[in-house]
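Counting in the UniProt record's numbering, the sequence shown runs from 1 upward without gaps.
We treat Cβ as the ideally placed atom computed from N, Cα and C, and that holds for glycine.
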Amino acid sequence: MTEHLAGRILPGRTFGFEGDRNLPWYASESGHGTVLASMIARICPMAKIYPIRLNTGAKLKAGVGAMINVASAAHAIRAAVNRGAKIISMSWSINRPSDELGEIFEKALEYALKKNVLMFCSSRDSGHDGSITYYPAAYRRDSVIKMGAAQPTGLPYEWAGQLANLDFILPGVEVVPPSTFRNVEAMGPETGSSVATALGAGLAALIIYCAKMNKMFGSGGNRISDNDINRLQKAEFMIQTIQKFGMSTSEGTKNKFVEVWKKLDDKTKKLVGATRSEEREIVAQLARDLISPSAS
């Protein structure tokens, strides 16, 4: 565990096994899961993260060649929902299940949707395949938020797949972890849509946090309603809200790269030297800028 995550990680669960041995949730084979948790906390330091270890069947990074056990993925989704998760970040993919396990997995996804849990899932990073046949992205595509990696220029990572199949692209090429693991050599820059997925989940958590701050400290007509906050738990409305940050309009990004600085730069400058009350009002205004009021 890193200092960056201190106080942010809840006791997790594991569905990973090696023979008769139960693999602990807190011990990562490669550090990949720890990096992704750090990316979430990097965007939303207030987030509480409930880590769940899947059964990969091999000591490989999830989402990078690992063979995800379908049953363990279904159990993990249900466990997250039952723990009260508002957002599930799934930086992995599986082939479309076609047997009884497929039904179990789909029921787990449906369970999360019925409980109004946002689900962020990763592109498979298999190149410019014109279709999505892998899960969770292919399941009720309007109900899961699909993420792909972007280069530092904002252009898509060449392996992220067709932009038409993605909701957003966020940084995912040579992204430097926010803190050092074990030693300088242990964890280098990370590349892949799994990174973008974690950043997207963190951004959604930040939006929800700001909305709740607005509900507590917003003033007058600036205040967000409970209904507005509840709508954020729907993929369609969260997508619309993220788009309010500002989207790149360049031909290469197809309106999928989120330019968060368009909304955050001005607010960040105003926070410098602000009083506690002024800070709360700035955060409340950010939420109001992003969240369209529901029709009365």
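| query | result |
| --- | --- |
| For I9 and P45, believed in contact at Cβ under 8 angstroms, the rounded distance | Between I9 and P45 the Cβ distance is about 13 angstroms, and since that is not below 8 angstroms, they are no contact. |
| Rounded straight-line distance, which links the Cα of P293 to that of G188 | 42 angstroms |
| K107, buried or exposed, once every other Cβ within 10 Å from all chains shown has been counted against 16 | exposed |
| Inter-residue spacing [alpha-carbon to alpha-carbon] between K256 and R21 | 43 angstroms |
| Distance, A204 Cα to A6 Cα | 21 angstroms |
| Coil, strand or helix - F15 by DSSP | coil |
| Span of the beta strand (DSSP E) around C121 | 118-122 |
| Inter-stretch contact at 8 angstroms, needing at least 3 Cβ pairs: the region 28-38 / the region 69-78 | no |
| Boundaries of the beta strand (DSSP E) in which A149 is found, first to last residue | 145-150 |
| The region 216-226 contacting the region 257-272, beta-carbon criterion three pairs below 8 angstroms | no |
| Three-state class that DSSP yields for N22 in the structure shown | strand |
| Residues of its chain near A201, where Cβ-Cβ distance is below 7 angstroms and the 5 sequence neighbours each way are ignored | I40, I87, S89, F120 |
| Which residues DSSP lists as bridging N95, in chain order | Y134 |
| Touching by the beta-carbon criterion (3+ pairs, under 8 angstroms), the region 90-101 and the region 130-144 | yes |
| Supposed contact pair Q285 and residue 299 - C-beta distance, whole angstroms, cut 8 angstroms | Outside the modelled stretch of the chain, which goes from 1 to 296, sits residue 299, for which no answer is possible. |
| Alpha-carbon to alpha-carbon, L206 and A47 | 8 angstroms |
| Extent of the continuous beta strand (DSSP E) to which L232 belongs | Where L232 is concerned, there is no enclosing beta strand (DSSP E), given that its DSSP letter is neither H nor E. |
| Per-residue DSSP class, three states only, for L170 | strand |
| Per-residue burial, P171 [other beta carbons within 10 Å of its own, 16 or more giving buried] | buried |
| Span of the alpha helix (DSSP H) around S38 | 32-43 |
| Under the three-state DSSP convention, the category S277 falls into | helix |
| Cα-Cα separation between A76 and G102, rounded to whole angstroms | 15 angstroms |
| Assigned secondary structure, V258 (DSSP; H/G/I helix, E/B strand, else coil) | strand |
| Residues near S122 by beta carbon distance below 7 angstroms, same chain, minus five either side | G63, M90, S91, W92, S93, M147, S193, S194, T197 |
| P97 versus E236: straight-line alpha-carbon distance, rounded | 25 angstroms |
| Local Cβ density within 10 Å of V184, reported as buried at 16 or more and exposed below that | With a pLDDT of 39 at V184, under the threshold of 50, the predicted position of this residue should be treated as unreliable, though the coordinate-derived value follows. Exposed, since its Cβ has fewer than 16 Cβ neighbours within 10 Å. |
| Selection from K270, A79, K267, Q240 that minimises the alpha carbon distance to V258 | Q240 |
| Coarse secondary structure for E251, derived from DSSP in three states | coil |
| Whole-angstrom C-beta distance between R78 and Y111, which should lie under 8 angstroms | 6 angstroms |
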